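Take 1 as the starting number for the sequence shown in this note's numbering and just add one per residue. Beta carbons: idealized from backbone N, C-alpha and C, even for Gly. Just so we're clear, the structure is a prediction, and the values are computed from it rather than from any experiment. Notes for the one structure printed next.
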Amino acid sequence: YAIACASLAIAASSLSIILLWLAGAYLYIRRRRLAIHFVSLLAALTMFI
């Protein structure tokens, strides 16, 4: 049970890191245009996870 929880936490953290990296790349490409929408989307995704 503990091993399953640890692996799940590792998977969730790596997924959130990938999502943050993608968000940073997207915001760097788009500059300030959709920044507010993307930040709210990231917040919703982290709440969902």
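- request: Under 8 Å Cβ to Cβ from Leu-20, same chain only, skipping five residues before and after it: list those, please.
  value: Leu-42
message: Going by beta-carbon coordinates alone, are Tyr-59 and Phe-38 separated by less than 9 Å?
response: Given a span of 1 to 49 for the chain in the structure shown, any question on residue 59 remains unanswerable.
- request: Check whether the Cβ atoms of Thr-46 and Ser-16 sit closer than 9 Å, and answer yes or no.
  value: In this structure, Ser-16 lies closer than 9 Å to Thr-46 by Cβ.
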